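Just so you know, we're using UniProt numbering here: the sequence shown kicks off at 1 and counts up by one.
We put the CB at the ideal spot given by N, CA and C, even for glycine.
These numbers come from a predicted model, not from an experiment.
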Amino acid sequence: MTYTQNGHANGVPNGSKDDHGSYEDSNVEVRLSPTIPTSELFSGLTEVEVDFEKFFGMGKPRKVLSHFTIKLTELTYLPKIDNPRRDWVASVAVPAFLAHRAQNEVKAFATVGTGGGLDAIAAMDIFSPECVAMTDIHLPVVNAAAENFCIATAGLSGVNLIAAAGDILAPLGNKNYKFDLIYENLPNIPLDDAHEIDAGQTSSTYVPHRSEDIPAIATNNLLALHFLALQQAKSLLSPEGAIISSIGGRVEIAILLKMALEAGYCAEILTYTWKIQSEPEEVIGGYKKNQEDGLGPFYFYPAAVLEKAFGNLDPAAAGRRAEEIEGLLRPHAVDAPTALELHRNGLEIGHTVAIVRSTLN
């Protein structure tokens, strides 16, 4: 395995409710939120044991170890190892990778905002690429992710690993690679104080002051970094390459597709799923503040409603019926202030997640 790394590059690191806020629906079993810590953010853990089959849920691994240990920094997104349904990689990225593999070969893969590197590890096993690139805004996070990748793929040869810290895709601009697939799971919520980006785990937030020209459809719906990733990806994609954007945007599907169109792409919903809201106080609270500042609105759902609407559909099948499912959910949507109130009253809250696959052809 060839391993390349570098530091920061080109940029600044970056339903219905009653009057009491309770949710009522005679056709849905109300699910109360389980007892979880007030915050699911970094909890002092420095290492986490990963059981590949149990966590990723896709059978025996082909390219990586069946059990491995990943290292975390205080800035690393904490994977939900004991509850994969809450985890972005296990519940969102892996089904999207599998759906993409059914139609496309991926020899060069890149992930933006890798965190602990589990997305790159999953991609290695699913796609068997010759090159894997990972970026994150913090150099210690990238270094730990690269080490995690090397540990999980112990003994694997013929893979060029690129690990670089910096702003979105900028660190990959000088690597002379064209990627068949770029995966981004960038944050939506702008920080109030830019200095907070270095003050612990801030994976759902970003430094808001950007010099780029960003259209209103992105800024008004807290999709700015997703739009910028689409813009930056244009020079990095292979001729048949795609960028898949993992967006728990809490906005309508039509907005996501229109944003990709404004960025110059043809776009489709690859997979559609739902996720229990992780870090509900921090994340729903962030959406609440932005909605009260005039953005959005942003919508959430009781988890039981989501579970019923999606039923037994796998994410790829749900992707083909995304607009239909969105229509079924619409009467049950609650905005961010209401969702936070319901969460504080003990109701388990979730949101939809769309994987938007965008191509230049």
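Just list the residues that DSSP pairs Met-134 with in beta bridges. Thr-111, Ala-163
Identify the continuous beta strand (DSSP E) that holds His-67 and give its terminal residues. 67-71
Pick from Pro-61, Phe-52, Asn-83: whose alpha carbon is nearest that of Ile-70? Phe-52
Could you say if the region 260-277 and the region 349-357 meet the contact criterion of at least three C-beta pairs nearer than 8 angstroms? yes
Among all the DSSP beta bridges, which residues are the ones paired with Tyr-177? Answer is none; Tyr-177 lacks a bridge partner.
With three or more beta-carbon pairs closer than 8 angstroms as the criterion, would you say the region 335-344 touches the region 114-127? no
How close, in whole Å, do the beta carbons of Gly-158 and Glu-130 come, if the pair is a contact with beta carbons under 8 angstroms? 7 angstroms
Taking the beta strand (DSSP E) that Tyr-287 falls in, what are its first and last residues? Unbroken run through Tyr-287 is the alpha helix (DSSP H), 280-292; no beta strand (DSSP E).
Classification of Ala-216 by the beta-carbon crowding that lies within 10 angstroms, buried from 16 upward: exposed
By Cβ distance below 8 angstroms, which residues in the same chain neighbour Glu-212 in space, the five residues on each side in sequence not counted? Leu-228, Gln-231
Taking the continuous beta strand (DSSP E) assigned at Asp-51, which residues delimit it? 47-51
Could you tell me which residues DSSP puts in a beta bridge with Ser-358? Ile-243, Ala-267
Within 10 angstroms of the Cβ of Arg-86, are there 16 or more other Cβ atoms? Answer buried if so, exposed if not. buried
Please tell me whether Tyr-299 and Ala-333 are closer than 8 angstroms, where the distance is taken between their beta carbons. yes
When Ala-102, Phe-97, Gln-103 are compared against Ala-110, the one with the closest alpha-carbon: Phe-97
Residues of its chain near Phe-56, where Cβ-Cβ distance is below 7 angstroms and the 5 sequence neighbours each way are ignored: Ala-90, Val-94, Ala-122
Nearest-angstrom Cα separation, counted from Ala-144 out to Phe-310: 36 angstroms
For Ala-318, I'd like the list of residues in its chain whose CB is within less than 8 angstroms of its CB, leaving aside the five on either flank, ordered along the chain. Thr-271, Tyr-272, Thr-273, Phe-310, Ile-325
Helix, strand or coil: how does DSSP classify Ala-194 here? Unreliable placement is indicated for Ala-194, whose pLDDT of 40 sits below 50; the coordinate value is still reported in the next sentence. Three-state DSSP puts Ala-194 in a helix.
From the DSSP output, which residues share a beta bridge with Gly-350? Ile-276, Tyr-301
The alpha helix (DSSP H) with His-226 in it runs from where to where? 224-233
Considering only the beta carbon of each residue, do Ala-152 and Val-48 sit closer than 8 angstroms? no
Any 3 or more C-beta pairs closer than 8 angstroms across the region 300-309 and the region 76-86: no
Contacts around Leu-256, its chain only, beta-carbon distance under 7 angstroms, and the 5 residues preceding and following it disregarded: Ile-247, Gly-249, Ala-354, Val-356
DSSP three-state label for Ser-157, please. coil
Contact check, Val-141 vs Thr-76 under 8 angstroms by CB: the rounded distance? 5 angstroms
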